[in-house]
Amino acid sequence: MPATDAPEGGMAGGPQISIIVPCYNEAANVAPLVAMLESVMAGRRWEVIFVDDNSPDGTTATICAQARHKSYVRGICRIGRRGLSSAVIEGVLSSSAQVVAIMDGDLQHDESRLIALIDAVSTGACDIAVGSRHVEGGSNAGLANAWRHALSDSGIWLAQRFLPVRLTDPMSGFFALRRDTFVAIAPHLSGAGFKILLDLLLSSKKPLTVREIDCGFKPRVAGESKLDALVMLQFAALLVEKVSRGLVPLRFVAFCAVGLAGIVANLGVMHLVWLCGVHFSTAQAIGTVAAMVVNFSLDNNFTYRDRRLHGRRCVWGLVLFMLVCSVGALADVGVAHLMYAQSYRVNEASLAGAVLAVVWNYAMSSTIVWRTR
């Protein structure tokens, strides 16, 4: 891509490259990242678009402070929405550049490899260029501890079982592609979770040609890592959704997984209370309430992470969730009893009731408890 006379992202003719940075609680990293990009992107027409999910640490204000005197810095503040993948989608669609690059706002991605990623795409050498920690010259030494190494390695192994292309680092959040390629795939993206690269590769109607560029993964300077067990569960649910070609939505997979945890909580609490001498019916009721609380907490932090409830809305949400689940439980018993009375086997009747209850609880939770605002 030819250089211009604008060493710091001059906007004559508009940017040819947009760098999309999804962020949450990254206020301390904004100015250092902009300075790094200014150095790396000197001589090119570029911009950086920060997409902030209304961080409580003042990330958006910090972005605005940079944007006031730097025309190549832009910010999008999302209110009532959360999630890395959906933030990337909004950031890319807000750009008019020919090439878009995605990187995290935590300073762990090696910004010096941006040019190699961008050039690989702009020259037509590939559809998507991925910064990989697992090719010769790459490194993932910046992962905080053995637990995060294990989570990352497990995700890579799992993703490679389903990918239509060979890729050593499908967990990477550092890559570049042409904007028109992204736009063509965008209507088919899940938009949920934290692994937008995997979503892109699995959602494309035709296999994308991929080139991996070695890159390092630096230690985090500020903020907190987003990689945890809940993110990995969302990752697995995304795979199920894509493999089923959307027949099994990601949220429904997550909702069912949380439901299994609720069953374990129900049985555990019920037996504990019963062993303490409480009547079985009372123990069962206590176990049921405990399961509802556990389910709500997990759904709020996992299934509906991007719509997470806080404060008073969380308390009111718990009340609504318990009411919804109570109706679901009544429907479960009623349908099972009706089918059993019509000579269906016990297991068949019970399964039908359970399926109805799960579908009811999921539908009502999505539209009432965690409704979009």
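First residue of the sequence shown: 8, per this note's numbering; consecutive thereafter. Positions of the beta carbon are idealized from the N, C-alpha and C atoms, including for glycine. Values in this document were obtained by computation on a predicted structure and should not be read as measured data.
| Item | Value |
| --- | --- |
| So residue 85 packs on residue 113, CB below 8 Å; how close in whole Å? | Wrong, their Cβ atoms sit about 18 Å apart, outside the cutoff. |
| Which whole-angstrom value is the C-beta distance of residue 104 and residue 22, which I expect to be below 8 Å? | 5 Å |
| Three or more C-beta pairs under 8 Å: does that hold for the segment 363-380 against the segment 327-342? | yes |
| From the DSSP output, read off the bridge partner residues of residue 116. | 224 |
| Taking only the alpha-carbon atoms, compute the straight-line gap between residue 108 and residue 181 and give it to the nearest angstrom. | 7 Å |
| Could you tell me which uninterrupted alpha helix (DSSP H) segments, each at least 4 residues in length, are contained entirely in the segment 269-328, listed from first to last along the chain? | 287-305 |
| Counting C-beta neighbours from all protein chains within 10 Å, is the total for residue 187 16 or more, i.e. buried, or is it exposed? | exposed |
| Label residue 341 either buried or exposed according to how many other C-beta atoms from any shown protein chain fall within 10 Å of its C-beta, with 16 as the threshold for buried. | exposed |
| Please return the same chain residues whose Cβ sits closer than 6 Å to the Cβ of residue 196, not counting the five positions on each side in sequence. | 206, 210 |
| Are three or more beta carbon pairs between the segment 62-70 and the segment 288-299 nearer than 8 Å? | no |
| Look at the alpha carbon of residue 378 and the alpha carbon of residue 325, and state the distance between them as a whole number of angstroms. | 13 Å |
| If we ignore side chains and look at the alpha-carbon of each, how far apart do residue 269 and residue 300 end up? | 8 Å |
| Using a Cβ-Cβ cutoff of less than 8 Å, which residues in the same chain neighbour residue 102 once the five nearest sequence positions on both sides are dropped? | 22, 25, 27, 54, 56, 186 |
| May I ask you to report which of helix, strand or coil DSSP gives residue 181? | coil |
| Tell me the rounded alpha-carbon separation between residue 235 and residue 141. | In this prediction, residue 235 has a pLDDT of 49, which is less than 50 and means its spatial position is unreliable; what the coordinates show is noted afterwards. So the alpha carbons of these two residues sit roughly 20 Å apart. |
| Once DSSP output is grouped into helix, strand and coil, what is the label at residue 41? | helix |
| Is it true that the segment 130-139 meets the segment 82-100, where meeting means three or more beta-carbon pairs spaced less than 8 Å apart? | no |
| On the three-state DSSP scale, how would you describe residue 29? | strand |
| For residue 53, name the three-state secondary structure that DSSP assigns. | strand |
| What whole-angstrom Cβ distance do residue 312 and residue 81 have, given they're in contact under 8 Å? | Actually they do not touch by this definition, with Cβ atoms about 26 Å apart. |
| Just verifying my parser: in three-state terms, what is the DSSP assignment at residue 106? | strand |
| For residue 176 and residue 203, what's the separation of their Cα atoms in angstroms? | 13 Å |
| With DSSP as the reference, label residue 84 as helix, strand or coil. | strand |
| Below 9 Å between beta carbons: does that hold for residue 124 and residue 220? | yes |
| Give me the Cα-Cα distance between residue 307 and residue 261, rounded to the nearest whole angstrom. | 11 Å |
| How big is the Cα-Cα spacing for residue 6 and residue 173? | This structure cannot speak to residue 6, because the chain is shown only from 8 to 380. |
| So, with DSSP's three-state summary, where would you put residue 64? | coil |
| Using DSSP bridges, identify the partner residues of residue 218. | 136 |
| What residue from 179, 115, 375, 38 has the CA that sits closest to residue 74's CA? | 38 |
| According to DSSP, residue 59 sits in a beta bridge with which residue or residues? | 30, 84 |
| Let me check understanding here. Comparing Cα to Cα, which of 297, 267, 265, 263 lies closest to residue 277? | 297 |
| With 16 other CB atoms within 10 Å as the buried threshold, where does residue 216 fall? | exposed |
| Out of curiosity, what's the CA-to-CA distance linking residue 368 and residue 263? | 10 Å |
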